[in-house]
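Those protein sequences? They're chains A and B, same order as listed. Residues in the first sequence are numbered from 223 upward in steps of one, following the numbering used here. Residues in the second sequence are numbered from 136 upward in steps of one, following the numbering used here. Yeah, the Cβ is synthetic: ideal placement off N, Cα and C, and Gly gets one too. These figures come from a predicted structure and were not determined experimentally. Below is one structure, written out as structure tokens; the observations come after it.
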Amino acid sequence: MSQESSRSAAMLEVRDLRARIDQREILRGMSLTVNPGEVHAIMGPNGSGKSTFAGILAGKDRAEVTGGSATLDGKDLLAMTPEERSVAGLFLGFQYPVEIPGVGNLYFMRTALNAQRRARGEEELDAVDFLGLAREKMKLVEMDPAFMNRGVNEGFSGGEKKRNEVLQMAVLEPRLAILDEIDSGLDIDALRVVARGVEALRSPARSTLLVTHYQRLLEYIIPDHIHVMAAGRIVLSGGRELALELEKKGYAWVDEEAKRGAFGAPAPVAP
Amino acid sequence: MNALEQSLLAGADGLEPAPEFVAAPRRAGREGFERNGLPTTRQEDWRFTSLAPLAAHAFERGDPAAPVTAAEIERSAGMPFGPRLVFVNGRLRADLSSAHGLQPGIHASSLRHAIAVSPGLVEPRLARTASIEWRPLAALNTAFLGDGAFVHFGAGAKGGVVELVFATVARQRPAASHPRVLVLADAGSDATLVETYVALGDQPAFTNGVTEVALGQGARLDHYQVQDQPSSAFHFTTLAADQGPDARLSTHASALGAAISRSDVTARLSGEGAEAVVSGLYMADGRRLVDNHSVVEHAVPRGTSRELFKGILDGESRAVFAGRIRVLEGAMKTDAHQSNSNLLLSRDAVIDTLPQLEIYADDVKCGHGGTVGELDREALFYLRSRGLPLSRARSLLIYAFAREMVDRVALPALRDRVGRLVAARLPDGEKILEAA
Chain A
223 MSQESSRSAA MLEVRDLRAR IDQREILRGM SLTVNPGEVH AIMGPNGSGK
273 STFAGILAGK DRAEVTGGSA TLDGKDLLAM TPEERSVAGL FLGFQYPVEI
323 PGVGNLYFMR TALNAQRRAR GEEELDAVDF LGLAREKMKL VEMDPAFMNR
373 GVNEGFSGGE KKRNEVLQMA VLEPRLAILD EIDSGLDIDA LRVVARGVEA
423 LRSPARSTLL VTHYQRLLEY IIPDHIHVMA AGRIVLSGGR ELALELEKKG
473 YAWVDEEAKR GAFGAPAPVA P
Chain B
136 MNALEQSLLA GADGLEPAPE FVAAPRRAGR EGFERNGLPT TRQEDWRFTS
186 LAPLAAHAFE RGDPAAPVTA AEIERSAGMP FGPRLVFVNG RLRADLSSAH
236 GLQPGIHASS LRHAIAVSPG LVEPRLARTA SIEWRPLAAL NTAFLGDGAF
286 VHFGAGAKGG VVELVFATVA RQRPAASHPR VLVLADAGSD ATLVETYVAL
336 GDQPAFTNGV TEVALGQGAR LDHYQVQDQP SSAFHFTTLA ADQGPDARLS
386 THASALGAAI SRSDVTARLS GEGAEAVVSG LYMADGRRLV DNHSVVEHAV
436 PRGTSRELFK GILDGESRAV FAGRIRVLEG AMKTDAHQSN SNLLLSRDAV
486 IDTLPQLEIY ADDVKCGHGG TVGELDREAL FYLRSRGLPL SRARSLLIYA
536 FAREMVDRVA LPALRDRVGR LVAARLPDGE KILEAA
């Protein structure tokens, strides 16, 4: 297939992505390339469009895509359902994981893993085999096995919910993990656990995209690339030093520089 | 009477002779039905529930001797989990029943038998609790009074379970049956009664049951009704309970099938300190209709009542919930609460929910609540983002909504059965059961 032969080596390729929520432009020409094995961090002030971007990649339908493209391993992400994206190897760690009383956490994770295994033509895991796997991964995120018998995130504290996200990531072993504000509301211990979960998945075949407001997370997970988002697109990209600079100066200067046109002309608003 | 009403009443004049305590209410039922006929939407209690679809069928009284196999009963009602009496078109069928395992102190037989051998027990309670006034269907049932089920939990009988299966069999022609149940729970008894209603055959079945329950002082009864009939069936039940001092009745209905399913529950707390728990789960899709009417009447002080109904509606289905809490003069320290929550899976499904509080006493605590909502979009996205297909994610969330009501079934074997029946009505049903 010509598409196969022409596809780049990039894992995630986002080009000039535009999206709006209720007539308001949230993404205004977002472009990003993540190669296999890389860890990227997107930073930016509140309202810059970070979370919307993460949600759109995972198939959340709140925002309407008005232009541009996004591919995972050369496949058109935007044409896929959320479950197809997941099966294709994309994982979104939620900023606010949803509580689902009545659906058991353990069952949920086994069903999720088996949906993926089935799609890959692999044998499904039975309850016993899955329990063994889950136990191992729970150790990694230092999660009390009692949480597996509760409803999904039901009555979990903020930190427990985030651990549960990382546990799901560890179980599903995605090709591309997008972690949306995974550090928000976490104490140092929990942060360390989350970082360990991310590091455990680090491999030449997998990539991670961290979306965060704070540079604190990046002391625990060292990214290869840092991007700064403002007004719906990436305005600055660099290495680790960029995070330190942001930490010192705050986001105000990014906004001001953006207004001055220091990062180039503002992207034209889509009709 | 119109043709339908005449066909439903046909045969009521040819019943076998019975003692006056049976014959008198029989006459009253017949006269009541002749006078009022079937309910229409002009009646307040039937405002949202039209019985017009019945008119398309010429129901005959179902033959109690209709050929039915044990395998058919097990397929439609599940495997027995204890003593099970099976009634075909309203009459006990010894060939399909087994009283094996019936605990000492518990008696279960046909009502006809009890009328003949224990009139002293039956007479004071038969056709006394289920009023036929304003209840045309109860009147129609009573017009055929004379047989059905009789269950007697003797004083102090503990932990026994009795299961009654009522099969309306409509094989060649549309058939009607009017099952009747009398339950006596004597002082201090503590037992479980399960009523399972099934419809057999390809033709429309019309089932019109009346269950009367009398609870003595301190008696406790867990009562269940399960209805999972095909969507060609019409199902009506009237449950009327009278509770003595400190008696506790818990009645839980699972109304999952039938074209029209209507339940009327009346619990009268006539002894101090009595408690009634009335709950149910209903599901409807297509153009089906399910209607739950209940009246909890607090007649004396210190009564407690809890009502909780949950419904799941899809397609162009319609549900009615009307719950009336009536606190009579002098019934101080009454504590009553009622709640009705609904999950609407389609924009064309309709719920009419009507809580009614009638309070004529001081110093009471009464309240009601409830919700009408759709599937949680955030939760749906969360599940799908982990790779669960949309249909599976939906079924999981629907089952999660229903689960609270399935879990209210205390009897493990019945809980499993109800859980399976609920799941079977959802895509990928057999797979989501493990989620619970």
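Rank the options by C-alpha distance to the C-alpha of residue i and give the top, closest one.
i	options	result
Ala-320/B	Gly-289/B, Asn-475/B and Arg-459/B	Gly-289/B
Glu-235/A	His-435/A, Ile-243/A, Leu-355/A and Asp-295/A	Asp-295/A
Arg-237/A	Leu-300/A, Leu-440/A and Asn-371/A	Leu-300/A
Ser-270/A	Thr-255/A, Arg-242/A, Glu-260/A and Pro-258/A	Arg-242/A
Ala-419/B	Ala-393/B, Ala-147/B, Asp-551/B and Thr-506/B	Ala-393/B
Gly-419/A	Ile-448/A, Arg-385/A, Gly-373/A and Glu-478/A	Arg-385/A
Glu-258/B	Leu-328/B, His-235/B and Glu-155/B	Glu-155/B
Gln-378/B	Asn-343/B, Ala-322/B and Val-361/B	Ala-322/B
Leu-231/B	Val-221/B, Val-430/B, Pro-524/B and Leu-463/B	Val-221/B
Ala-349/A	Ser-429/A, Arg-339/A, Tyr-329/A and Pro-367/A	Tyr-329/A
Any C-beta of chain B sitting closer than 8 Å to the C-beta of residue i?
i	result
Glu-387/A	no
Ser-228/A	The predicted position of Ser-228/A is uncertain, since its pLDDT is 41 and thus under 50; no value can be drawn from it.
Lys-200/A	Outside the modelled stretch of chain A, which goes from 223 to 493, sits residue 200/A, for which no answer is possible.
Gly-343/A	no
Ala-334/A	yes
Ser-308/A	yes
Pro-490/A	Note on Pro-490/A: pLDDT 43, under 50, position unreliable in the model; the coordinate value appears next. Taking Cβ atoms only, chain B never reaches closer than 8 Å to Pro-490/A, which makes this a no.
Pro-367/A	no
Val-476/A	no
Pro-323/A	yes
Thr-303/A	yes
Val-320/A	yes
Leu-398/A	no
Gln-390/A	yes
Gln-317/A	no
Spatial neighbours of residue i within its chain, please: CB distance less than 8 Å, with the 5 preceding and 5 following residues excluded, ordered by chain position.
i	result
Leu-489/B	Val-455, Phe-456, Ala-457 and Gly-458
Thr-176/B	Arg-182, Phe-183, Thr-184 and Ser-185
Leu-239/A	Leu-249, Gly-251, Met-252, Ser-253, Phe-275, Ile-278, Val-287, Gly-289, Gly-290, Ser-291 and Ala-292
Leu-144/B	Met-136, Arg-165, Phe-168, Glu-169, Leu-275 and Ala-278
In chain order, what residues of the same chain lie with their CB nearer than 7 Å to the CB of residue i, ignoring the 5 residues before and after it?
i	result
Ser-530/B	Leu-561, Pro-562, Asp-563, Gly-564 and Ile-567
Arg-441/B	Val-412 and His-472
Checking the sheet assignment: what are the DSSP bridge partners for residue i?
i	result
Leu-335/B	Val-304/B
Lys-384/A	None; Lys-384/A has no bridge partner.
His-370/B	Thr-342/B and Ser-396/B
Glu-286/A	Arg-242/A
Gly-415/B	Ala-388/B and Phe-444/B
Pro-490/B	Gly-458/B
Lys-500/B	Asp-470/B
Met-252/A	Leu-239/A
Ala-399/A	Phe-313/A and Thr-430/A
Check whether chain A comes within 8 Å of residue i, counting only Cβ atoms and requiring the distance to be less than that.
i	result
Leu-523/B	yes
Ala-514/B	yes
Phe-444/B	no
Glu-155/B	no
Tyr-517/B	yes
Glu-569/B	yes
Arg-555/B	no
Leu-479/B	no
Leu-510/B	no
Ala-535/B	yes
Ser-474/B	no
Ser-389/B	no
To which residues of the same chain is residue i closer than 6 Å at the C-beta, ignoring the five residues directly before and after it?
i	result
Ala-273/B	Ala-265, Ile-267, Val-345 and Thr-373
Ser-142/B	Ala-193 and Phe-194
Val-485/B	Arg-453
Quick one: what does DSSP say residue i is sitting in, helix, strand or coil?
i	result
Thr-175/B	coil
Gly-225/B	coil
Thr-264/B	coil
Thr-333/A	helix
Ala-535/B	helix
Val-286/B	strand
Tyr-517/B	helix
Leu-328/A	helix
Pro-323/A	strand
Gly-564/B	helix
Asn-475/B	strand
Please confirm if residue i has its CB atom under 8 Å from at least one CB of chain D.
i	result
Arg-538/B	In the displayed structure, chain D is absent; the protein chains listed are A and B.
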